[in-house]
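Notes follow the structure.
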Ligand code: PDD
């Protein structure tokens with residue numbers, strides 16, 4: 090594991106020890122900002138364009154003006170890898186807030202956004218990808234605009250913590266019995282060779298990997314049905330899986346202590362895992 094010393098900020102590159110923020114900072118005090126997590130494989134970004142586009146959509150949705158263009162930030166993120174001589178598997182975390190200003194709920198005037206991005210190693214979760222993971226169900230107590238990748242993650246944090254305390258990998262979120270997504274990933278159910286997932290409304294984050302899963306399904310002629318399913322449908326599913334930049338396409342084999350189908354990753358999930366590895370140009374770990 091390496092520590093990558095160079096961080097990107099709105100004023101350029103800095104050493105990680107040099108970057109400090111005042112305590113009156115909108116991200117710290119209000120969660121007033123947006124973020125992205127982008128996968129890096131072998132020192133190269135996966136789905137960089139898609140993530141940068143979503144960053145701009147999220148910023149626009151909260152009326153945050155970013156101090157760079159799409160092309161600028163793309164180039165700077167690429168430079169960040171080069172400056173740190175990054176060649177392994179990892180992630181970049183990028184955050185943009187409404188800046189530093191005396192605390193007041195309404196937007197400050199004359200304040201520039203604070204932006205930073207840093208990279209870290211993150212090996213693929215080989216064991217989980219091969220064997221599948223367990224999950225628990227939790228109430229989705231988030232706000233109405235979950236399509237915005239905002240810094241306000243308290244409900245997600247509490248749901249993930251509940252999962253962890255239960256020895257589970259993820260928390261599946263439900264609103265009035267309808268499954269939306271997970272605390273930090275999208276979720277899909279396979280029944281009779283169809284993939285079901287919550288439509289890309291304001292209620293869920295439109296995952297970059299989700300977009301790809303839809304394409305992979307299309308390429309393999311597997312119907313991708315954007316139709317929400319209920320918690321009880323989970324227990325009659327043929328397969329269940331989740332997706333995210335850090336989890337890839339991950340089989341879920343147990344929910345609330347009950348096995349899904351035979352308790353093993355299913356064939357559609359395996360097919361999508363293979364398509365993911367091809368698309369991301371990474372090693373095949375599932376045979
Ligand atoms: N989470 N849904 C939620 C609530 C998420 O936080 C994420 C990503 C996803 C999947 O999005 P994508 O496929 O673009 O990674 C869905 C990131 C990894 C995180 O917060 O760490």
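In this note's numbering, the protein residues as written are 90 to 376.
Ideal Cβ positions, reconstructed from N, Cα and C, are used throughout, including at glycine.
Small disclaimer: the values here were computed from a predicted structure and weren't measured.
*Let me know the secondary structure DSSP gives residue 210 once reduced to three states.*
strand
*Take residue 337 as the anchor and find which of 148, 170, 211 and 252 has the nearest alpha-carbon.*
It is 211 whose Cα lies nearest to the Cα of residue 337.
_Just to confirm before moving on: does the CB-CB distance between residue 215 and residue 263 stay below 8 Å?_
no
*asked:* Between residue 228 and ligand 1, is there a pair consisting of the residue's CB and a ligand heavy atom that are separated by less than 7 Å?
replied: no
*What distance in whole Å lies between the Cβ atoms of residue 300 and residue 139, which are believed to be in contact at a cut-off of 8 Å?*
6 Å
*asked:* Quick test of your reading: residue 218 and residue 362, contact by CB under 8 Å. State the CB separation rounded to the nearest angstrom.
replied: 7 Å
*So which of 206, 103 and 115 has the shortest CA-CA distance to residue 180?*
206
*asked:* Quick check: is any heavy atom of ligand 1 less than 7 Å from the C-beta of residue 294?
replied: yes
*asked:* Applying the 10 Å Cβ sphere with the 16-neighbour rule, what's the burial state of residue 187?
replied: buried
*Along the chain, where does the alpha helix (DSSP H) that runs through residue 297 open and close?*
297 to 308
*Exposure of residue 116, with buried meaning 16 or more beta-carbon neighbours within 10 Å*: Classification for residue 116: buried.
*Expressed to the nearest angstrom, what Euclidean distance is found between the alpha-carbon atoms of residue 295 and residue 151?*
Residue 295 and residue 151: Cα-Cα distance of roughly 16 Å.
*Quick one: what's residue 179 bridged to in DSSP?*
129 and 210
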